[in-house]
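In our numbering, the protein residues as written are 400 to 642. No residue lacks a Cβ here, since even glycine has one placed at the ideal position from N, Cα and C. Encoded as structure tokens, the structure appears first; notes follow it.
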């Protein structure tokens, strides 16, 4: 218990007190610091690394050189063999594995909760589940299929999907999507203009909520009730969800 508490303090210091200095160090240095905690406490290490990445984005300190590869476009996505699911982020293609039954149970339960709330309020926002095309940044280099998308600006919707950033995105973490959901999409959704992003991790039984309007983030468990940031009175009680 003392070791976990010490790690918690260290992670807190790295996230906040040392953010201005530590996060401007080379990427491998502060990633190694978080990896040390992952060795002793895997869950805390994952959360700390995610926090470090998020706050480094805010500080503008992340400089991660990427290998030079061919850039792909949305045309390449549509040219893939029928039935092949993939996403396109900054010109790079990421293939998607079929979701598990539990993954789909969570998507369905959350969709019903959100859609029922919007209907009960006579709201104009629309809720869609994957596969639903979202053309981020309104260019041909970014195409994603979030597990759940909530769009409140009807001008962004057309027959193909959504052109521009949804107001609220929820991703359900799968074994093969962990890096994508926690890091790649966190950065992309924030810079594209998404207002709120939830990462629901059924393997860890927790939810991380990012409110990009206020630059806040909170961690919850599947025993908690979570408030949606874009609505005044939408609360989702995960302990009562049927999955």
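Expressed to the nearest angstrom, what Euclidean distance is found between the alpha-carbon atoms of residue i and residue j?
{"i": "residue 527", "j": "residue 547", "result": "6 angstroms"}
{"i": "residue 573", "j": "residue 472", "result": "25 angstroms"}
{"i": "residue 541", "j": "residue 577", "result": "19 angstroms"}
{"i": "residue 640", "j": "residue 498", "result": "19 angstroms"}
{"i": "residue 375", "j": "residue 491", "result": "The shown model of the chain, from 400 to 642, leaves out residue 375, and the question about it has no answer."}
{"i": "residue 594", "j": "residue 533", "result": "15 angstroms"}
{"i": "residue 632", "j": "residue 470", "result": "43 angstroms"}
{"i": "residue 489", "j": "residue 558", "result": "23 angstroms"}
{"i": "residue 539", "j": "residue 592", "result": "17 angstroms"}
{"i": "residue 536", "j": "residue 614", "result": "20 angstroms"}
{"i": "residue 506", "j": "residue 519", "result": "20 angstroms"}
{"i": "residue 627", "j": "residue 569", "result": "11 angstroms"}
{"i": "residue 637", "j": "residue 597", "result": "13 angstroms"}
{"i": "residue 605", "j": "residue 571", "result": "11 angstroms"}
{"i": "residue 642", "j": "residue 553", "result": "31 angstroms"}
{"i": "residue 623", "j": "residue 603", "result": "14 angstroms"}
Out of the options, which one is the CA nearest neighbour of residue i?
{"i": "residue 588", "options": "567, 493, 506 and 577", "result": "567"}
{"i": "residue 493", "options": "571, 584 and 594", "result": "584"}
{"i": "residue 517", "options": "533, 550, 591 and 592", "result": "550"}
{"i": "residue 600", "options": "502, 611, 531 and 524", "result": "502"}
{"i": "residue 590", "options": "575, 553 and 563", "result": "563"}
{"i": "residue 630", "options": "508, 483 and 612", "result": "612"}
{"i": "residue 610", "options": "482, 481, 523 and 586", "result": "586"}
{"i": "residue 525", "options": "504, 565 and 500", "result": "565"}
Please list, in chain order, all residues of the same chain as residue i whose beta carbon is under 7 angstroms from its beta carbon, the five residues on each side excluded.
{"i": "residue 479", "result": "485"}
{"i": "residue 400", "result": "In this prediction, residue 400 scores a pLDDT of 41, lower than 50, which makes its location untrustworthy; the coordinate-derived value is nonetheless stated afterwards. Same-chain partners within the cutoff: there are none."}
Excluding sequence positions up to five away, which residues of its chain have a Cβ less than 6 angstroms from the Cβ of residue i?
{"i": "residue 635", "result": "512 and 625"}
{"i": "residue 617", "result": "608"}
{"i": "residue 561", "result": "533, 550 and 555"}
{"i": "residue 508", "result": "640, 641 and 642"}
Suppose the cutoff is 8 angstroms on Cβ atoms and the five residues either side in sequence are ignored; what does the same chain contact list for residue i look like?
{"i": "residue 475", "result": "487 and 492"}
{"i": "residue 544", "result": "484, 486, 495, 529, 530, 531, 532 and 533"}
Which full runs of the beta strand (DSSP E) of 3+ residues lie inside the region 557 to 603, going along the chain?
-> Given a length threshold of 3 residues, each whole run of the beta strand (DSSP E) inside the region 557 to 603 is given here in chain order: 560 to 562, 567 to 571 and 595 to 600.
At 3 residues or longer, and completely inside the region 490 to 519: list those beta strand (DSSP E) runs for me, N to C.
-> Segments of the beta strand (DSSP E) lying fully in the region 490 to 519: 491 to 494.
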